[in-house]
Amino acid sequence: MKKKSLLLNNLERKYFEEIYQSLNNYPEWEMKNVFNEKTLEYKEFRIFPLKFYVRDKTTRLTISAHEAGHAIVMAATYGAVDKAVIDLVDHPEGWLGFVASRQKDASDHPPIVQEGMPCKPAMKMDILIDAAGFVGESLVGKMTGNYHEKFLVYCRCRYLDDQEGAAPLTNWVQYVEWCKRIILNNENLFWRITDDLLAHSEMTESIKKLLYSGIRKEPTVLFF
Numbered sequence: 050m051k052k053k054s055l056l057l058n059n060l061e062r063k064y065f066e067e068i069y070q071s072l073n074n075y076p077e078w079e080m081k082n083v084f085n086e087k088t089l090e091y092k093e094f095r096i097f098p099l100k101f102y103v104r105d106k107t108t109r110l111t112i113s114a115h116e117a118g119h120a121i122v123m124a125a126t127y128g129a130v131d132k133a134v135i136d137l138v139d140h141p142e143g144w145l146g147f148v149a150s151r152q153k154d155a156s157d158h159p160p161i162v163q164e165g166m167p168c169k170p171a172m173k174m175d176i177l178i179d180a181a182g183f184v185g186e187s188l189v190g191k192m193t194g195n196y197h198e199k200f201l202v203y204c205r206c207r208y209l210d211d212q213e214g215a216a217p218l219t220n221w222v223q224y225v226e227w228c229k230r231i232i233l234n235n236e237n238l239f240w241r242i243t244d245d246l247l248a249h250s251e252m253t254e255s256i257k258k259l260l261y262s263g264i265r266k267e268p269t270v271l272f273f
C-alpha cells in the first residue's frame, strides 16, 4: 500500500484503531448502528470525536478544497447539493465550512433502492461523502488538521473489514481511492467550486447550476 493513497499516517492509524476497539467494547453498543441515523449509536458516534477538530494552520484554499470535495462527491453519488459555505467564525461545533443538501424534487434521479439491501447504497454514499473533505484537501497538498471526518470514515471502514474478514485498511483504501477517482473524474468542476468559494465564501447560483448540469455521476450498479 502506498502511503500517498492511504492519506493516513501511522499516528492517526494507531489512535483511531485504539478508539475503534474501545467502541467495540462499549456495553450494549452495536457498531453496525453507526450506519443508521435513527439509532443512539449513530448520534453519539457523530459527536464523539469533537476533540479531533483542529483550527490551527488552516488556509482558505484548503478549506475551500475540503468543501468542494464534499459537494462533488455528494452530487456524484445522487445527493442534492443546496449550498457550500466557508469562512465560518466561532461555529459551536468548530466547523470551518459546510455543504448542505436540499430536498429532492421530481427532476432528481430516483432513490437507489434494492429489496433486501436498503442500507447498502446509503452506507457507501455516507462513507464517500465523509471522505471527500480530506481527499479534496489532499489535492491542494495541505491538510486542515480536522480529523473528525477521517475518524468517522476509519471506524466505518474497519467495521466493514471485520464483517468481511478482510485485512485492516482494506475498505479504507477502497473508499479513499474511489472517492479520489470521483473527484478527479470531475476535476474541472472541483476547481471551479474551489475558486468560487475562495472568491465569494459560498457557492454561487451560477456554479451550482454548473454542478447540477455537469457532474459525472457514478454508475448505480457500484452501490450494490
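Converting from the sequence shown to my numbering requires adding 49 to each position, the first position being numbered 1.
For glycine and all other residues, C-beta sits at the position ideal for the given N, C-alpha and C.
Buried/exposed call for A216, threshold 16 Cβ in 10 Å = Counted from its first residue, the sequence shown places residue 216 at position 167. Burial is judged here by how many other beta carbons sit within 10 angstroms of a residue's own beta carbon; A216 has fewer than 16 and is exposed.
query = Going along the chain, which residues of its own chain have a beta-carbon closer than 6 Å to the beta-carbon of W221, five neighbours each way excluded?
reply = Here residue 221 is taken as the residue at index 172 of the sequence shown, counted from 1. Taking C-beta separations shorter than 6 Å and ignoring five residues to either side along the sequence, the partners of W221 in its chain run C206, following chain order.
Beta strand (DSSP E) segment containing V138, residue limits = The residue you call residue 138 lines up with position 89 of the sequence shown. Counting along the chain, V138 falls outside any beta strand (DSSP E), and DSSP gives it neither H nor E.
query = Taking DSSP as the reference, what is the three-state secondary structure of G146?
reply = As a first step, residue 146 must be located in the sequence shown, where it is residue number 97. In the displayed model, G146 falls within a strand according to three-state DSSP.
Reference R95; option with closest CA among L72, K191, L260 and A248 = Taking the first residue of the sequence shown as 1, we reach residue 95 at position 46. Of L72, K191, L260 and A248, the residue nearest in Cα terms is L72.
key: Sub-8 Å separation of V225 and V184 beta-carbons   = Taking the sequence shown and counting its residues from 1, one reaches residue 225 at position 176. Taking the sequence shown and counting its residues from 1, one reaches residue 184 at position 135. Taking 8 Å as the Cβ cut-off, V225 and V184 qualify as a contacting pair.
query = For V189, which three-state DSSP category applies?
reply = Numbered from its first residue, the sequence shown carries residue 189 at position 140. V189 falls in the coil class under three-state DSSP.
query = Using the rule of at least 16 other Cβ atoms within 10 Å of the residue's Cβ for burial, across every protein chain shown, is F65 buried or exposed?
reply = Taking the sequence shown and counting its residues from 1, one reaches residue 65 at position 16. Counting Cβ neighbours within 10 Å, F65 comes out buried, since at least 16 surround it.
task = For chain D, find out if any of its Cβ atoms is closer than 8 Å to the Cβ of I112; answer yes or no.
result = Although the question refers to chain D, the structure presented lacks it and comprises just one protein chain.
task = Let me know the secondary structure DSSP gives I161 once reduced to three states.
result = Counting from one through the sequence shown, the residue named residue 161 turns up at place 112. Low confidence applies here, because I161 scores a pLDDT of 49, under 50, leaving its location unreliable; read the following figure in that light. Residue state, collapsed to three classes: coil.
request  = Note the first and the last residue of the continuous alpha helix (DSSP H) segment covering N74.
outcome  = Reading the sequence shown from its first residue, position 25 is the one you call residue 74. N74 -> no alpha helix (DSSP H), and no H or E assigned at all.
inquiry  = Within 8 Å, do at least three Cβ pairs link the stretch 136-145 to the stretch 171-184?
reply    = no
ask   = If we ignore side chains and look at the alpha-carbon of each, how far apart do R265 and A125 end up?
value = As a first step, residue 265 is located in the sequence shown; it is residue number 216 there, counting from the start. As a first step, residue 125 is located in the sequence shown; it is residue number 76 there, counting from the start. Distance between the alpha carbons of R265 and A125 is about 6 Å.
key: Bridge partners - V130, DSSP secondary structure assignment   = On the sequence shown, residue 130 is found 81 positions in, with the first residue counted as 1. V130 pairs with S150.
task = Measure the CB-CB distance between M123 and V83 and report whether it falls below 8 Å.
result = To locate residue 123, count along the sequence shown from 1; it is residue 74. To locate residue 83, count along the sequence shown from 1; it is residue 34. No, Cβ-Cβ distance for M123 and V83 is not below 8 Å.
ask   = Quick one, which of E213, F273 and G263 has its alpha-carbon nearest K81's?
value = Start at 1 with the first residue of the sequence shown, and residue 81 comes out as number 32. Taking only the C-alpha atoms, the option nearest K81 is E213.
Status (buried if at least 16 other CB within 10 Å, exposed otherwise) for K229 = The residue given as residue 229 occupies position 180 in the sequence shown. By the 10 Å Cβ count, K229 comes out buried.
request  = Could you check the C-alpha separation between N74 and I68 for me, to the nearest Å?
outcome  = Counting from 1 along the sequence shown, the entry for residue 74 is found at position 25. Counting from 1 along the sequence shown, the entry for residue 68 is found at position 19. Their Cα atoms are separated by approximately 10 Å.
ask   = Around the C-beta of A248, are 16 or more other C-beta atoms found within 10 angstroms, so that it is buried, or is it exposed?
value = Residue numbering aside, residue 248 sits at position 199 when the sequence shown is read from its first letter. Looking at its Cβ environment, which holds fewer than 16 other Cβ atoms inside 10 Å, A248 is exposed.
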